[in-house]
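Visitor: Here the working numbering is used: the first residue of the sequence shown is 3, the next is one more, and so on. Where a beta carbon is used, it is the ideal one built from N, C-alpha and C, also for glycine. Note that this is a predicted model, so its numbers are computed, not measured. Can you read through this structure? Questions will come right after.
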Amino acid sequence: MELLMAIVIGVLFMAAVYLMLSKNILRIIVGTGLLSHGAHLLILTMGGLKTGTVPLLGEEASTYTDPLPQALILTAIVISFGVTAFFLVLAYRAYQELGTDNLEEMRGNEGHD
């Protein structure tokens, strides 16, 4: 299962880097979202993908799951949601002012490919 998660994480990072290298602001925002999802999966995988019961004192079980990676991921999801919302508002305002979402045209370059 860890091998499958490593492949999924690699694909997410690969797609995120590809999107973040483009000149379109919306692709960059989607790329940062994919990068954060890949980081969340990486934290979860590094915490261990084992099954078990919740770590309560009254429970008698052979294995327990660690709640720390899940708590870290939940905090990171909230932070990435706020950052993504800020990026979307910033991109929308830049599009209203400049009339384009191409970074080369925003810089004043012609942007001919």
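CA-CA distance, residue 34 and residue 77?
Guide: The residue you call residue 34 lines up with position 32 of the sequence shown. The residue you call residue 77 lines up with position 75 of the sequence shown. Roughly 17 Å between the two C-alpha positions.
Visitor: Three or more beta-carbon pairs under 8 Å between the region 10-21 and the region 80-92, yes or no?
Guide: Counting Cβ pairs under 8 Å, fewer than three are found: no touch.
Visitor: Leaving out five residues on either side along the sequence, give the residues of the same chain with a beta carbon under 6 Å from the beta carbon of residue 86.
Guide: One-based indexing of the sequence shown puts residue 86 at position 84. Taken in chain order, the residues that qualify are 35.
Visitor: Can you give me the start and stop residues for the alpha helix (DSSP H) that residue 56 sits inside?
Guide: Taking the first residue of the sequence shown as position 1, residue 56 is located at position 54. From DSSP, residue 56 is part of no alpha helix (DSSP H); its letter is neither H nor E.
Visitor: Using a Cβ-Cβ cutoff of less than 8 Å, which residues in the same chain neighbour residue 90 once the five nearest sequence positions on both sides are dropped?
Guide: Along the sequence shown, read from residue 1 onward, the residue named residue 90 stands at position 88. Only 31 meet the Cβ criterion.
Visitor: Note down, in chain order, each residue of its chain lying with its Cβ closer than 8 Å to the Cβ of residue 37, except the 5 sequence neighbours on either side.
Guide: By 1-based counting over the sequence shown, the position of residue 37 is 35. Contacts found: 14, 15, 18, 19 and 22.
Visitor: Scan the region 45-108 and note each continuous beta strand (DSSP E) run of 3 residues or more that stays entirely inside, going in chain order.
Guide: Segments of the beta strand (DSSP E) lying fully in the region 45-108: there are none.
Visitor: Count the other C-beta atoms from every protein chain shown that fall within 10 angstroms of the C-beta of residue 27, then say buried if there are 16 or more, exposed otherwise.
Guide: If you number the sequence shown from 1, residue 27 lands on position 25. Buried.
Visitor: Alpha carbon to alpha carbon, how far is residue 74 from residue 43? Give it in angstroms, no decimals.
Guide: Along the sequence shown, read from residue 1 onward, the residue named residue 43 stands at position 41. Along the sequence shown, read from residue 1 onward, the residue named residue 74 stands at position 72. In a straight line, the C-alpha of residue 43 is about 11 Å away from that of residue 74.
Visitor: Tell me which residue opens and which closes the alpha helix (DSSP H) that residue 110 is part of.
Guide: Position 108 of the sequence shown, counted from the first residue, corresponds to residue 110. Looking at the DSSP string, residue 110 is not in any alpha helix (DSSP H), and its letter there is neither H nor E.
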